[in-house]
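Keeping their order, the protein sequence lines are chains A and B.
Start counting the first sequence at 1; every next residue gets the next number (this note's numbering).
Start counting the second sequence at 1001; every next residue gets the next number (this note's numbering).
In what follows, a single structure is set out as structure tokens and then discussed.
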Amino acid sequence: MDRPLTQHIRPDREPLTLREYEQVGGYQAARQALQAAPRDVTDQVLKASLRGRGGGGFLTGQKWSLVPPDDGSGQPKYIVANGDEMEPGTMKDRWLLEGQPHQLIEGLLLGAYAIQARVAYIFLRWDYKLAARRLQQALAEAYAERLLGAHILGTDYQLDMVLHTSAGRYMCGEETGLLNAIEGRRANPRNKPPFAVTCGLWGRPTAINNVETLCCIPHIVQRGGDWFRSLSRSPDEGGTKIYGVSGRVRHPGLWELPLGTTARELLEEHAGGLRDGYVFRGLLPGGASTDFLVAQHLDVKLDFSSVEKAGSRLGTGTMVVLDDRTCPVGLVLNLMQFFARESCGWCTPCREGLPWLARTLQALEDGQGTSADLDLLDAHVQTIRMGHTFCALAPGAMAPLGSALKYFRRDFERHVADQRCPWRAP
Amino acid sequence: MLTEQEQQAIGEELRHYPQPRAAVSEALKIVQRHRGWVSDESVRDIGAALDLTPAEVDSVATFYSMIFRRPVGRHVILICDSVSCWIMGANPLQAHLAATLGIQPGATTADGRFTLLPCACLGACDRAPALMIDDDLHVDLTLEKLGELLEKYA
Ligand SMILES: Cc1cc2nc3c(=O)[nH]c(=O)nc-3n(C[C@H](O)[C@H](O)[C@H](O)COP(=O)(O)O)c2cc1C
Ligand code: SF4
């Protein structure tokens, strides 16, 4: 099985140096691409049917096609690698960042060339210290070898690449919040439209792509969009995917597998199923802001369209497993506390609504809930949705809550009826 | 007053952005690296260096969880309290840590050695529960491992 993104990552050694990376074919794609038209990169990426791995699943080639051509103003265009990765339950970009920094740099270089960006930022979350160190080192190597800077590989193309480390806030990962963060403002989101591809950093066209998305690009360019597309088990979406499993399973971890691997295969074959004495109850397929899937969904293919059909989102593709000895109300409370804390405070439904919901869930957990509280939770799931809030953070917070109310209703009701959390010792 | 070292480091950062304002989060981190935290005076000094009002600097400083506007201990413990760690026992771990250190989450020990801060998902969900002390990530924690771990940070 092909594992292009992770085949050279070894947990027990430092990542490949520039020389080693080149020995296994690294920067071949860049050499190839920079001799050809920028549009060729985008065309291969379109052929590859690569959908963004940051959670939204937007077609990467399409995003790059939306970036306007040079307007002759002399002002730069920008590209950003989104490595904020603060979605609870998500640890996939860390693997790529720590494991093979040159792959990201090459992917970002190719993306930059495709849209003719002059400056590229790698937006990295604060906590990824090891990744920061390794990226800094790889960037220095790339500059020294003329893979970055002026006259890259002897061409006229110039690109500066900068590592921007954040200081800890989930909203910085939302793409317009990220723009504000890089510009040195509070990371509140911006109104859309205009979209970043036309009006991003300092009002200039800016492409924002997830780390894993960008790591796919060198392979697409080198081996072709059709090849990449054929790696997947799903008809309309190409590539492999970094899947992850956490929770009470035998072997929590990360795996690069064909896109469209089923939830059951991931959970049972790769993660080894639930630990002894625990029974499966549900899973969040792609981080904290995705809807629960339950036993009836285990044979769903983990690709964007199939998971959506099952009523959830693939999100980041790193699942969190709920077992029978973990209280679903407590779990949703934990998530709601996270979202409430990370709310940027810009719009009322989120700033006021999420803490209110967290308090209501806490009351249920503490045995003080009433059935009116369940109605209140239901009502908020209906109200706090896209279009009613300024960004996707608060609607994301409703995904686990709404689906838990649907699939684990009995458990919520028992909290009210028994006036205590059934999972806590009486 | 910013030290020469700090000014120089901030100057380096300015080169990466078309506008000085963009270096504000780096400037805050630079000051914090040298002084442990960011005082009101430093907020004003950073503002002066980047041509921003103190309020503008503080609006960014207070947005970020990892910019400390109050003094912290010599070592900062960030304990993940998000979902995967919570499932895997982060709560008892945090309670044990608080009891061992004799402080509430958010506080600093009387000897100034540790500050304990619950934090959002550290991206180590497959190795939960996890925490960071200063720049080091520690994973697959148990109550037994904790004591030994703290010993390493004097
Ligand atoms: C609250 C919030 C946080 C987000 N955090 C991240 C993140 O950490 N990393 C990421 O790649 N995308 C994140 N996204 C999605 C980005 O807004 C954006 O869609 C993505 O970076 C685009 O890259 P892609 O097209 O390669 O998926 C977040 C979205 C929201 C609403
Ligand atoms: S939904 Fe929440 S995070 Fe998004 S703009 Fe509104 S307050 Fe900010």
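We put the CB at the ideal spot given by N, CA and C, even for glycine.
Here the structure is a predicted model, which means the values were calculated and not measured.
Chain A contact for residue i (CB, 8 Å cutoff)
{"i": "D1045/B", "result": "no"}
{"i": "L1185/B", "result": "This structure gives no information on residue 1185/B, because the portion of chain B shown stretches from 1001 to 1154."}
{"i": "V1060/B", "result": "yes"}
{"i": "Y1153/B", "result": "no"}
{"i": "I1067/B", "result": "yes"}
{"i": "S1042/B", "result": "no"}
{"i": "S1025/B", "result": "yes"}
Where the alpha helix (DSSP H) through residue i begins and ends
{"i": "L174/A", "result": "What sits at residue 174/A in the sequence shown is Glu, not Leu. Taken as a continuous stretch (DSSP letters only), E174/A belongs to no alpha helix (DSSP H), as it is neither H nor E."}
{"i": "F280/A", "result": "Per DSSP, F280/A belongs to no alpha helix (DSSP H); it is in the beta strand (DSSP E), F280 to L284."}
{"i": "N334/A", "result": "P328 to E342"}
{"i": "E1012/B", "result": "E1004 to L1014"}
{"i": "D435/A", "result": "Within the shown structure, residues of chain A are numbered from 1 to 426, placing residue 435/A beyond reach of any answer."}
{"i": "P349/A", "result": "T348 to E365"}
{"i": "P1054/B", "result": "P1054 to A1061"}
{"i": "F228/A", "result": "G225 to S230"}
{"i": "F304/A", "result": "F304 to K309"}
{"i": "L59/A", "result": "Taken as a continuous stretch (DSSP letters only), L59/A belongs to no alpha helix (DSSP H), as it is neither H nor E."}
Below-8 Å beta-carbon distance, residue i vs any chain B residue
{"i": "K129/A", "result": "yes"}
{"i": "A142/A", "result": "no"}
{"i": "I351/A", "result": "The sequence shown places Arg at residue 351/A, rather than the Ile named in the question. No, R351/A does not count as interfacial toward chain B."}
{"i": "R430/A", "result": "Residue numbering for chain A in the displayed model covers 1 to 426; residue 430/A lies beyond these limits and cannot be assessed."}
{"i": "L331/A", "result": "yes"}
{"i": "A288/A", "result": "yes"}
Neighbour list for residue i in chain A, Cβ cutoff strictly below 7 Å
{"i": "W1086/B", "result": "N334"}
{"i": "D1135/B", "result": "K129"}
{"i": "K1029/B", "result": "A167"}
{"i": "F1063/B", "result": "R169, R186 and A187"}
{"i": "H1016/B", "result": "V162"}
{"i": "M1132/B", "result": "D127"}
Chain-ordered neighbours of residue i on chain B, where CB pairs are closer than 7 Å
{"i": "F431/A", "result": "The shown model of chain A, from 1 to 426, leaves out residue 431/A, and the question about it has no answer."}
{"i": "M91/A", "result": "G1123, A1124, C1125 and D1126"}
{"i": "L254/A", "result": "D1126"}
{"i": "M86/A", "result": "A1120 and C1121"}
{"i": "Y170/A", "result": "A1120"}
{"i": "R39/A", "result": "Chain B residues near R39/A: none, gap ~27 Å exceeds 7 Å."}
{"i": "A392/A", "result": "Simply none; closest approach about 17 Å."}
Chain A residues whose Cβ lies nearer than 8 Å to that of residue i
{"i": "A1022/B", "result": "I182, E183 and G184"}
Cα-Cα separation, residue i to residue j
{"i": "M319/A", "j": "D1051/B", "result": "45 Å"}
{"i": "H251/A", "j": "R1070/B", "result": "40 Å"}
{"i": "V1083/B", "j": "G1073/B", "result": "27 Å"}
{"i": "R229/A", "j": "Q362/A", "result": "46 Å"}
{"i": "R190/A", "j": "L322/A", "result": "35 Å"}
{"i": "A112/A", "j": "A1099/B", "result": "51 Å"}
{"i": "V1043/B", "j": "G184/A", "result": "14 Å"}
{"i": "Y1064/B", "j": "A36/A", "result": "42 Å"}
{"i": "D71/A", "j": "G282/A", "result": "51 Å"}
{"i": "A1095/B", "j": "L333/A", "result": "18 Å"}
{"i": "R1113/B", "j": "Q1032/B", "result": "17 Å"}
{"i": "C1119/B", "j": "M171/A", "result": "15 Å"}
Run of the beta strand (DSSP E) containing residue i, from where it starts to where it stops
{"i": "G244/A", "result": "T240 to S246"}
Closer than 7 Å: residue i CB and nearest ligand 4 heavy atom
{"i": "A392/A", "result": "As far as ligands go, the structure on display features ligand 1 and ligand 2 and does not contain ligand 4."}
Contact list for residue i against chain B, beta-carbon separation under 8 Å
{"i": "E342/A", "result": "A1120"}
{"i": "G244/A", "result": "C1125 and D1126"}
{"i": "R94/A", "result": "G1123 and A1124"}
{"i": "T261/A", "result": "Here the premise fails: no neighbours, minimum Cβ distance about 17 Å."}
Partners in chain A for residue i, counting only beta-carbon separations shorter than 9 Å
{"i": "Q1019/B", "result": "E183, G184 and W202"}
- Validate contact between the segment 6-18 of chain A and the segment 72-92 of chain A using beta carbons, cut 8 Å, 3 pairs: no
- Message: If contact is defined by three or more beta carbon pairs under 8 Å, each pair taking one atom from either stretch, is the segment 306-323 of chain A in contact with the segment 282-296 of chain A?
- Response: yes
- Can at least three beta-carbon pairs, one atom from the segment 196-216 of chain A and one from the segment 66-75 of chain A, be found at a separation below 8 Å? The answer is yes - the segment 66-75 of chain A touches the segment 196-216 of chain A, with three or more Cβ pairs under 8 Å.
- Item | Stretch pair the segment 1129-1136 of chain B + the segment 86-100 of chain A: three plus CB contacts closer than 8 Å | Not touching, per the Cβ criterion.
- Task: Say whether the segment 399-417 of chain A touches the segment 321-338 of chain A, bearing in mind that this needs 3 or more beta-carbon pairs closer than 8 Å, one atom from each stretch.
- Result: yes
- Query: Is the segment 348-361 of chain A in contact with the segment 370-377 of chain A, if contact means three or more CB pairs nearer than 8 Å?
  - Reply: yes
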